[in-house]
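Trainee:
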Amino acid sequence: MSEKRIKVGIIGTGGIARYHVMAYRKLPYVDIVAVADVLPGRAREFAEREELVGAGAYDSHTELLAHDLDAVSICTPNASHHRTSVDAVRAGKKVLLEKPMSVTLEEALDMVQTVKSHDGMLSIGFQPRYDPNMKLLQDIIQSGRLGNVYYAETGGGRRRGMPGGTFISKALAGAGAMADIGCYSLDMALNTLGYPRPVSVSAFTSNHFGTNPLYHKEASKFEVEDFGVAMVRFDNDLVLQFKISWAMHMDTLGATMFLGTDAGLKVTPAGSGPWSGVWDGAIGSMTLYHDDFGGQTSTAVPLIGHSLDLFYEKVRDFAEAVRDGRPAPIPAEQILIQQAIIDGVLRSADQRREVEIKLPE
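Its first residue numbered 1, the sequence shown is counted upward by one per residue in full-length UniProt numbering.
1. If you compare alpha carbons, which of Gly-305, Ala-203 and Asp-280 is closest to Gly-271?
2. Rounded to the nearest angstrom, what separates Arg-5 and Tyr-19 at their Cα positions?
3. Would Lys-314 and Gly-155 be called neighbours here (beta carbons separated by less than 8 angstroms)?
4. Within the same chain, show all residues whose beta-carbon is closer than 7 angstroms to that of Ala-171, passing over the 5 residues directly before and after it, in chain order.
5. Count the other C-beta atoms from every protein chain shown that fall within 10 angstroms of the C-beta of Thr-297, then say buried if there are 16 or more, exposed otherwise.
6. Can you name, in chain order, every residue of its own chain whose Cβ lies under 8 angstroms from the Cβ of Ile-16, other than the five neighbours on each side?
7. What residue range is occupied by the uninterrupted beta strand (DSSP E) comprising Lys-266?
8. Alpha carbon to alpha carbon, what distance is there between Val-8 and Thr-256?
9. Please list, in chain order, all residues of the same chain as Leu-308 whose beta carbon is under 8 angstroms from its beta carbon, the five residues on each side excluded.
10. Which partner residues does Pro-198 have in the DSSP bridge list?
11. Please classify Met-188: does DSSP put it in a helix, a strand, or coil?
12. Starting from the C-beta of Glu-3, find all residues in its chain whose C-beta is less than 6 angstroms away, skip the five residues before and the five after it, and write them out in chain order.
13. Using CA atoms only, rank isn't needed, just tell me which of His-216, Asn-207 and Val-53 is closest to Arg-25.
14. Please confirm whether Ala-321 and Ala-332 have their CB atoms less than 8 angstroms apart.
15. Could you check if Glu-225 is buried or exposed, using at least 16 other CB atoms within 10 Å of its CB as the buried criterion?
16. Relative to the C-alpha of Val-232, which residue among Glu-153, His-118, Ala-179 and Ser-123 is closest?
17. Three Cβ pairs or more, each shorter than 8 angstroms: is that satisfied between the stretch 247–261 and the stretch 138–148?
18. Tell me the DSSP secondary structure of His-208 in three-state form.
19. Have a look at Ser-285 and Pro-302 and give me their C-alpha separation to the nearest angstrom.
20. Would a C-beta distance cut-off of 8 angstroms place Ala-247 and Tyr-215 closer than the cut-off?
21. Rank Pro-28, Val-30, Met-22 and Val-38 by C-alpha distance to the C-alpha of Ile-11 and give the top, closest one.
22. Can you pull the DSSP bridge partners for Arg-5?
23. Roughly how many angstroms separate the alpha carbons of Asn-191 and Gly-277, rounded to a whole number?
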């Protein structure tokens, strides 16, 4: 194992940045040497609060990128993901970017092209992948146990779970529930299925709760969707139903499921309470539905017990990849596919018709 030390910078000092600092601190070969935030003085306040002794504090990411760094964590609002990531890759830094990847498909395409042309590394932060049961789910599907998977359903909903601030600004977030928690649901299903290529999507979105003062204290500022549903077609004849909600008058939008010609699999998320029910956490149960001995039966899949901190596992895997010269753990060119779906969902909902998804070969 390499003994090389790596120097890391943090861009953006919102709530998620603290989790990156906490994770990096557990890695003895990592030094956090720089912090940046566009709000004047905020980077210095963050560095002092987190006791990042000796770390440089900057009011722009470009100043930070001029620093001698191996890698950066980008923890900024969605709208700046594209510019900040592209600048970081061009500056020769390895990048761990918080989800979602970008606001538009065009931005995502530019990010992937920049990585390729600069032989860079851009990894997108989907920590649920590090749950051993997510890996077990992927193994079951890709083993062929279900036969040909022709239909999948994913998503989830919070009865009440609407954020505020930058999350509800169209200019800063680009999208609402679809990008915030929907991206987790998409990654859970698409990664399991091997990230097939989408060809079309038909979608509907609304924001009845976010714009109602009875349900949201920032209703007058609410500009994104709080609910969405879509039917996505893929080039391998697979169909995916995707649904997500920040708020609703219902306890659940149902389980994730995979229907195959030989068996079906139902998956439910772990957790309880108003902010649970979406795929930003762990698996609660898996049940296989199949025919055996001439009859219909079902089998509960034994889950793997663990006490892993999934966020730490995400950061650790990235840091080790930087240190050891490995490829991006969750490569941008893969997440480009789900970004194309989210882009298609928003276009379809706006145009009120099915739209085509075009991805370069």
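All C-beta atoms, glycine included, are put in the ideal place defined by N, C-alpha and C.
Mentor: Per the coordinate set shown:
1. Against the sequence shown, residue 271 aligns to sequence position 271. Measuring from the Cα of Gly-271, the nearest candidate turns out to be Asp-280.
2. The residue labelled residue 5 in the question sits at position 5 within the sequence shown. The residue labelled residue 19 in the question sits at position 19 within the sequence shown. Each residue's Cα considered, the two are about 20 angstroms apart.
3. Taking the first residue of the sequence shown as position 1, residue 314 is located at position 314. Taking the first residue of the sequence shown as position 1, residue 155 is located at position 155. It is not a contact, given that the beta carbons lie outside the stated cut-off.
4. Locating residue 171 in the sequence shown gives position 171, counting from the first residue. So the list reads Ala-79, once near-sequence residues are dropped.
5. Within the sequence shown, the letter at position 297 stands for residue 297. Under this definition Thr-297 is an exposed residue.
6. Start at 1 with the first residue of the sequence shown, and residue 16 comes out as number 16. Same-chain partners within the cutoff: Cys-75 and Glu-98.
7. Walking along the sequence shown from the start, residue 266 turns up at place 266. That run of the beta strand (DSSP E) goes 263–269.
8. Here residue 256 is taken as the residue at index 256 of the sequence shown, counted from 1. Here residue 8 is taken as the residue at index 8 of the sequence shown, counted from 1. If you take the alpha carbons of Thr-256 and Val-8, they lie about 37 angstroms apart.
9. To locate residue 308, count along the sequence shown from 1; it is residue 308. For Leu-308, where only same-chain residues beyond five positions count, the Cβ hits under 8 angstroms are Tyr-130, Asp-131 and Pro-132.
10. Mapped onto the sequence shown, residue 198 falls at position 198. Phe-234.
11. Reading the sequence shown from its first residue, position 188 is the one you call residue 188. Correct three-state label for Met-188: helix.
12. Taking the first residue of the sequence shown as position 1, residue 3 is located at position 3. Correct list: empty, nothing qualifies.
13. Translated into the one-based positions of the sequence shown, residue 25 becomes position 25. Closest option to Arg-25, Cα to Cα, is Val-53.
14. For the purposes of this step, residue 321 is taken as the residue at position 321 of the sequence shown. For the purposes of this step, residue 332 is taken as the residue at position 332 of the sequence shown. The Cβ atoms of Ala-321 and Ala-332 lie no closer than 8 angstroms to each other.
15. One-based indexing of the sequence shown puts residue 225 at position 225. The residue is buried, with at least 16 neighbouring Cβ atoms inside 10 Å.
16. Here the question's residue 232 lines up with position 232 in the sequence shown. The residue with the shortest Cα to Cα distance from Val-232 is Glu-153.
17. yes
18. To locate residue 208, count along the sequence shown from 1; it is residue 208. Here His-208 sits in coil by DSSP.
19. Position 285 of the sequence shown holds residue 285. Position 302 of the sequence shown holds residue 302. Computed Cα separation, rounded: 8 angstroms.
20. As a first step, residue 247 must be located in the sequence shown, where it is residue number 247. As a first step, residue 215 must be located in the sequence shown, where it is residue number 215. Yes, Cβ-Cβ distance for Ala-247 and Tyr-215 is below 8 angstroms.
21. Against the sequence shown, residue 11 aligns to sequence position 11. Checking every option, the nearest Cα to that of Ile-11 belongs to Val-38.
22. Translated into the one-based positions of the sequence shown, residue 5 becomes position 5. According to DSSP, residue pairing for Arg-5 in a beta bridge does not occur.
23. Numbered from its first residue, the sequence shown carries residue 191 at position 191. Numbered from its first residue, the sequence shown carries residue 277 at position 277. C-alpha separation (whole angstroms): 19 angstroms.
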